[in-house]
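Only one structure is covered here, and it is reproduced in the block below.
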Amino acid sequence: MANRVLEARLDYLTSRVNTFEAGLYKKQLFEVYKKLGHVAVLAQDWVKALSAYQEAYRLQPLEYWEDPGAYYGLGLVYIHFKEFKLLLYSFPNLDIIVEVKARLGVCYQNLGDYPRALKFYNQALSDSSETPFLSKTHIRFNIALSSENAGDLPKAEEEYKNILAEASPLSHSWEFTFDLPPKQQL
12 MANRVLEARL DYLTSRVNTF EAGLYKKQLF EVYKKLGHVA VLAQDWVKAL
62 SAYQEAYRLQ PLEYWEDPGA YYGLGLVYIH FKEFKLLLYS FPNLDIIVEV
112 KARLGVCYQN LGDYPRALKF YNQALSDSSE TPFLSKTHIR FNIALSSENA
162 GDLPKAEEEY KNILAEASPL SHSWEFTFDL PPKQQL
């Protein structure tokens with residue numbers, strides 16, 4: 012149903028190309044193609060999703076990377092085709108590449124492919140930039156969890172202990188001492 016609505020919107024926009032301002036036309040087409048990509052991912056129509064995401068990127072390359080859902084969906088498509096390296100190697104200096112790596116780690120962890128999850132988590136951890144998706148501590152926790160699930164218990168235990176050791180000084184940083192005034196006699 013959603014697919015038909017979006018395709019009808021696409022037909023409407025393309026039939027009225029001369030009535031729109033160029034920038035507005037491209038923006039509306041971009042939104043439709045991006046949503047078509049999302050719907051196709053949900054339907055697991057990977058070829059259609061890839062085509063829609065590529066068309067959205069062609070229309071608005073800068074705006075494309077401002078929408079985490081768009082590159083997350085494209086990442087899922089690349090994972091399906093086992094071509095996710097295209098994303099990483101096509102845009103190695105992209106501001107959000109650390110987030111892409113962290114999200115790929117999550118995807119592989121959910122698929123039970125712990126060696127690949129660890130690979131991407133470690134890449135995200137070694138990147139100097141931060142991501143709002145996962146903090147460095149959360150990435151380290153996922154490294155420990157993936158190591159545990161992969162059967163590397165010594166590595167998991169070491170990582171868990173390191174996380175706790177780093178968190179321990181933080182828990183004491185909120186301790187304060189107060190000098191109370193002497194009690195007054197009534």
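Per the working numbering, the sequence shown runs over residues 12 to 197.
A virtual CB, placed ideally from N, CA and C, is assigned to each residue, including glycine.
Checklist entry - Out of curiosity, what's the CA-to-CA distance linking Trp-185 and Ala-178? => result Indexing the sequence shown from 1 puts residue 185 at position 174. Indexing the sequence shown from 1 puts residue 178 at position 167. Residue placement at Trp-185 is poorly supported in this model, since its pLDDT is 48, which falls under 50; the coordinates still yield a value, given next. So the alpha carbons of these two residues sit roughly 12 Å apart.
Next on the checklist: Counting beta carbon pairs with one atom in the region 108-117 and one in the region 140-147, are three or more of them shorter than 8 Å?
Outcome noted: Verdict: yes, contact present.
Checklist entry - DSSP three-state call for Ser-146: helix, strand or coil? => result On the sequence shown, position 135 is the one that residue 146 refers to. Coil at Ser-146, not helix or strand.
Item to check | Buried or exposed (CB count within 10 angstroms, at least 16 for buried), Ala-54 | outcome: Here residue 54 refers to the residue found at position 43 of the sequence shown. When all chains shown are included, Ala-54 counts as exposed.
Next on the checklist: Please report the straight-line C-alpha distance between Glu-74 and Tyr-82, rounded to a whole angstrom.
Outcome noted: Reading the sequence shown from its first residue, position 63 is the one you call residue 74. Reading the sequence shown from its first residue, position 71 is the one you call residue 82. Between Glu-74 and Tyr-82, the C-alpha separation is close to 11 Å.
Next on the checklist: I need the straight-line Cα distance from Trp-57 to Glu-159, nearest angstrom please.
Outcome noted: Taking the sequence shown and counting its residues from 1, one reaches residue 57 at position 46. Taking the sequence shown and counting its residues from 1, one reaches residue 159 at position 148. Rounded to the nearest angstrom, the gap between the Cα atoms of Trp-57 and Glu-159 is 32 Å.
Checklist entry - Do Leu-24 and Val-43 have their C-beta atoms within less than 9 Å of each other? => result Start at 1 with the first residue of the sequence shown, and residue 24 comes out as number 13. Start at 1 with the first residue of the sequence shown, and residue 43 comes out as number 32. Yes. Within cutoff.
Next on the checklist: Taking the alpha helix (DSSP H) that Gln-65 belongs to, which residues open and close that run?
Outcome noted: Residue numbering aside, residue 65 sits at position 54 when the sequence shown is read from its first letter. Taken as a continuous stretch (DSSP letters only), the alpha helix (DSSP H) holding Gln-65 covers 57-70.
Next on the checklist: Excluding the 5 residues flanking Leu-129 on each side, which residues of the same chain have their C-beta closer than 8 Å to its C-beta?
Outcome noted: Taking the first residue of the sequence shown as position 1, residue 129 is located at position 118. Around Leu-129: Gly-116, Ile-154, Ser-157, Ser-158, Ala-161.
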